[in-house]
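K.L.:
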Ligand SMILES: Cc1cc2nc3c(=O)[nH]c(=O)nc-3n(C[C@H](O)[C@H](O)[C@H](O)COP(=O)(O)O)c2cc1C
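Residue numbers (the working numbering): 3 to 360.
1) Relative to the alpha-carbon of residue 36, which residue among 78, 296 and 11 has its alpha-carbon at the smallest distance?
2) Return the CA-CA distance between residue 63 and residue 19, expressed in angstroms with no decimal places.
3) Can you tell me whether residue 81 is helix, strand or coil according to DSSP?
4) Taking the straight line between their C-alpha atoms, what separation do you get for residue 210 and residue 254?
5) Under 7 Å Cβ to Cβ from residue 100, same chain only, skipping five residues before and after it: list those, please.
6) Check whether the Cβ atoms of residue 217 and residue 133 sit closer than 8 Å, and answer yes or no.
7) Buried or exposed: where does residue 265 fall if 16 or more other Cβ atoms within 10 Å of its Cβ makes it buried?
8) Shortest alpha-carbon distance to residue 338 belongs to which of 246, 282 and 102?
9) State the start and end residues of the unbroken beta strand (DSSP E) segment that holds residue 268.
10) Am I right that residue 15 and residue 24 are in contact with their C-beta atoms under 8 Å? What's the rounded C-beta distance?
11) Compute the minimum distance between the beta carbon of residue 128 and the heavy atoms of ligand 1, and state whether it is under 7 Å.
12) How is residue 325 classed by DSSP in three states: helix, strand or coil?
13) Would residue 277 and residue 291 be called neighbours here (beta carbons separated by less than 8 Å)?
14) Quick check on the DSSP output: what are the complete beta strand (DSSP E) runs of length 3 or more inside the stretch 295 to 359, in order along the chain?
15) By how many angstroms is the C-alpha of residue 287 removed from the C-alpha of residue 259?
16) What residue range is occupied by the uninterrupted alpha helix (DSSP H) comprising residue 246?
17) Starting from the C-beta of residue 354, find all residues in its chain whose C-beta is less than 6 Å away, skip the five residues before and the five after it, and write them out in chain order.
18) Counting Cβ pairs, one atom from each stretch, are 3 or more of them under 8 Å apart for the stretch 340 to 354 and the stretch 125 to 140?
19) Given a cut-off of 8 Å on the beta-carbon distance, is the pair residue 127 and residue 111 in contact?
20) Using a Cβ-Cβ cutoff of less than 8 Å, which residues in the same chain neighbour residue 312 once the five nearest sequence positions on both sides are dropped?
21) Would the beta-carbon of residue 107 be found less than 7 Å away from any heavy atom of ligand 1?
22) If we ignore side chains and look at the alpha-carbon of each, how far apart do residue 283 and residue 297 end up?
23) Nearest by alpha-carbon distance to residue 10: which of 352, 357, 358 and 356 is it?
24) With burial defined as no fewer than 16 other Cβ atoms inside 10 Å of the residue's Cβ, what is the status of residue 118: buried or exposed?
25) For my contact list, residue 336 and residue 182 are in at a C-beta cut-off of 8 Å; report their separation, rounded to the angstrom.
26) Answer yes or no: the CB of residue 243 versus the heavy atoms of ligand 3, is any distance below 7 Å?
27) Within 10 Å of its beta-carbon, does residue 26 have 16 or more other beta-carbons around it, so buried, or fewer, so exposed?
28) Looking at the structure shown, is residue 117 part of a helix, part of a strand, or coil, going by DSSP?
29) Name the two residues that bound the continuous alpha helix (DSSP H) containing residue 47.
30) Any heavy atom of ligand 1 within a distance shorter than 7 Å of the CB on residue 330?
31) Do you know whose CA, among 300, 143 and 204, lies nearest residue 164's CA?
32) Using the Cβ count rule (16 or more neighbours within 10 Å means buried), how would you classify residue 213?
33) For residue 269, count neighbouring C-beta atoms within 10 Å of its own C-beta (all shown protein chains included) and say buried if the count is 16 or more, exposed if not.
34) To which residues of the same chain is residue 173 closer than 8 Å at the C-beta, ignoring the five residues directly before and after it?
35) Could you tell me the boundaries of the alpha helix (DSSP H) in which residue 28 lies?
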């Protein structure tokens, strides 16, 4: 299945080493102001940066809008946006048709598609597909911005380096957007960069955690059970390559808390119903409480490492030592930060449209 959503429906297409990658989005309210420059800015955040902490694949993703936006406004027709693939080298990927790379989709895809899948650069499983997710999300967030809904994703852990400080939303937004690892604290960002460089020098990789905060979602948004905010956000987040865990609010720590600690007491602030704490992560019964929606997304260490690894030749059925020679991020977390943020926007727009909030 390659489509997500009920009222705001997002599909992605293309492959890592094909002509392009992109997204189609249906259900964006006609007349919504959509700036292509803002979509481009989000794509630029996802593009590889410079330096040892990111992949040398030097590709500037230039947005092309094919349909659905005219003179800065959504027309109501399907929006199609894409970026062309230019800087790629498929020559190193041929052997992976027989010798699957550990940690990649090569083996299960080989079985599912009987060897006919596009294996170049990970094909449709590549992290490059997230450019399409960013395009669709950057459209959604512009619609939501007018409703006062704001999104911030930030790196709070890379390898063993954790962000311990709590930084207010508006400061975190500025700082996290201004540094290469998307961390809301400059000193921690430097330590995170060092951690990535060390992993790279060691011919290895590191993972990490992205935290996402959403402000301004009105209480009541979300659907019970299968369309809950947690269900839909998690389904979207687990569609991002490399994601291994999603937790809302206190998450797994809730398991060892008492009810008296975990329940968020209600109070009135400025005439509004709010809670004193936010262990719920802004969601109860699958519906927004009106408090910030907070969730964390765990990313695994990048699968492609330049150390030799063991695999098998699936035809000869013999063990093979494999070296992955392509160009890769030693840590995908910095580039995943805008992906998480924009993916969250697609889900919230869909739920707000479903609930009649727009
Ligand atoms: C923005 C982004 C960039 C990525 N870049 C790489 C990469 O350079 N090398 C790599 O091995 N994996 C990369 N990944 C992750 C792989 O695509 C992913 O681990 C692989 O397709 C297997 O899917 P899975 O980890 O979800 O099971 C990236 C993921 C994202 C979100």
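C-beta atoms are modelled at their ideal positions from N, C-alpha and C, and glycine is treated no differently. Predicted, not measured: the structure shown is a model, and the values here were computed from it.
P.N.:
In short, the structure shows the following:
1) Numbered from 1 along the chain shown, position 34 holds the residue referred to as residue 36. Checked all of 78, 296 and 11; the closest Cα to residue 36 is 78.
2) By 1-based counting over the chain shown, the position of residue 63 is 61. By 1-based counting over the chain shown, the position of residue 19 is 17. Near 14 Å, if we compare the C-alpha coordinates of residue 19 and residue 63.
3) By one-based count along the chain shown, residue 81 stands at place 79. Residue 81: strand per DSSP, three-state reduction.
4) As a working mapping, residue 210 is identified with position 208 in the chain shown. As a working mapping, residue 254 is identified with position 252 in the chain shown. The alpha-carbon atoms of residue 210 and residue 254 are separated by roughly 16 Å.
5) Here residue 100 corresponds to residue number 98 of the chain shown, with the count starting at 1. These residues qualify, in order along the chain: 315, 316 and 317.
6) Mapped onto the chain shown, residue 217 falls at position 215. Mapped onto the chain shown, residue 133 falls at position 131. Not in contact: residue 217 and residue 133 (Cβ atoms no closer than 8 Å).
7) Working through the chain shown from its first residue, we reach residue 265 at position 263. Counting of Cβ neighbours within 10 angstroms places residue 265 among the exposed residues, the total staying below 16.
8) Numbered from its first residue, the chain shown carries residue 338 at position 336. Residue 246 is the option with its Cα nearest to residue 338.
9) If you number the chain shown from 1, residue 268 lands on position 266. Where residue 268 is concerned, the enclosing beta strand (DSSP E) stretches over 268 to 271.
10) For the purposes of this step, residue 15 is taken as the residue at position 13 of the chain shown. For the purposes of this step, residue 24 is taken as the residue at position 22 of the chain shown. Residue 15 to residue 24, Cβ: 6 Å. Contact.
11) Walking along the chain shown from the start, residue 128 turns up at place 126. Because some heavy atom of ligand 1 lies under 7 Å away, the Cβ of residue 128 counts as near it: yes.
12) Reading the chain shown from its first residue, position 323 is the one you call residue 325. Of the three classes helix, strand and coil, the one that applies to residue 325 here is coil, per DSSP.
13) Translated into positions along the chain shown, residue 277 becomes position 275. Translated into positions along the chain shown, residue 291 becomes position 289. Contact flag set, yes.
14) For the beta strand (DSSP E) assignment, the uninterrupted runs of no fewer than 3 residues enclosed by the stretch 295 to 359 are, from N- to C-terminal side, 295 to 301, 311 to 315 and 320 to 324.
15) As a working mapping, residue 259 is identified with position 257 in the chain shown. As a working mapping, residue 287 is identified with position 285 in the chain shown. Taking the straight line from one Cα to the other gives about 19 Å.
16) Indexing the chain shown from 1 puts residue 246 at position 244. It is not in any alpha helix (DSSP H) - residue 246 instead sits in the beta strand (DSSP E) that spans 245 to 250.
17) Position 352 of the chain shown, counted from the start, is the residue given in the question as residue 354. Contacts found: 223 and 360.
18) yes
19) Taking the first residue of the chain shown as position 1, residue 127 is located at position 125. Taking the first residue of the chain shown as position 1, residue 111 is located at position 109. A contact, by the Cβ cut-off of 8 Å.
20) Start at 1 with the first residue of the chain shown, and residue 312 comes out as number 310. If you ignore the 5 residues before and after residue 312, its C-beta comes within less than 8 Å of the C-beta of 104, 321, 322, 323 and 324, all in its own chain and listed in chain order.
21) One-based indexing of the chain shown puts residue 107 at position 105. Taken from the Cβ of residue 107, at least one heavy atom of ligand 1 lies inside 7 Å.
22) Here the question's residue 283 lines up with position 281 in the chain shown. Here the question's residue 297 lines up with position 295 in the chain shown. For residue 283 and residue 297, the distance between alpha carbons rounds to 7 Å.
23) Counting from 1 along the chain shown, the entry for residue 10 is found at position 8. Taking only the C-alpha atoms, the option nearest residue 10 is 352.
24) What you label residue 118 is simply residue 116 of the chain shown in a count that begins at 1. By the Cβ neighbour-count rule, residue 118 is exposed, with fewer than 16 other Cβ atoms within 10 Å of its own.
25) Your numbering for residue 336 matches position 334 in the chain shown. Your numbering for residue 182 matches position 180 in the chain shown. With a Cβ gap of about 6 Å, residue 336 and residue 182 count as contacting.
26) Questions concerning ligand 3 fall outside what the structure shown contains, since the ligands it does hold are ligand 1.
27) To locate residue 26, count along the chain shown from 1; it is residue 24. So residue 26 counts as buried.
28) As a position in the chain shown, residue 117 is number 115, starting the count at 1. Here residue 117 sits in coil by DSSP.
29) Against the chain shown, residue 47 aligns to sequence position 45. Taken as a continuous stretch (DSSP letters only), the alpha helix (DSSP H) holding residue 47 covers 38 to 48.
30) Position 328 of the chain shown, counting from 1, holds the residue named residue 330. Yes, the Cβ of residue 330 comes within 7 Å of a heavy atom of ligand 1.
31) Residue mapping note: residue 164 aligns to position 162 of the chain shown, counting from 1. When C-alpha distances from residue 164 are compared across 300, 143 and 204, the shortest belongs to 300.
32) Taking the first residue of the chain shown as position 1, residue 213 is located at position 211. Result: buried.
33) Locating residue 269 in the chain shown gives position 267, where the first residue counts as 1. Exposed, because fewer than 16 other Cβ atoms sit within 10 Å of the Cβ of residue 269.
34) Position 171 of the chain shown, counted from the start, is the residue given in the question as residue 173. Annotation for residue 173: 186 place their beta carbon closer than 8 Å to its own, counting only its chain and skipping 5 residues before and after.
35) The residue you call residue 28 lines up with position 26 of the chain shown. Looking at the DSSP string, residue 28 is not in any alpha helix (DSSP H); the run it does join, the beta strand (DSSP E), is 22 to 28.
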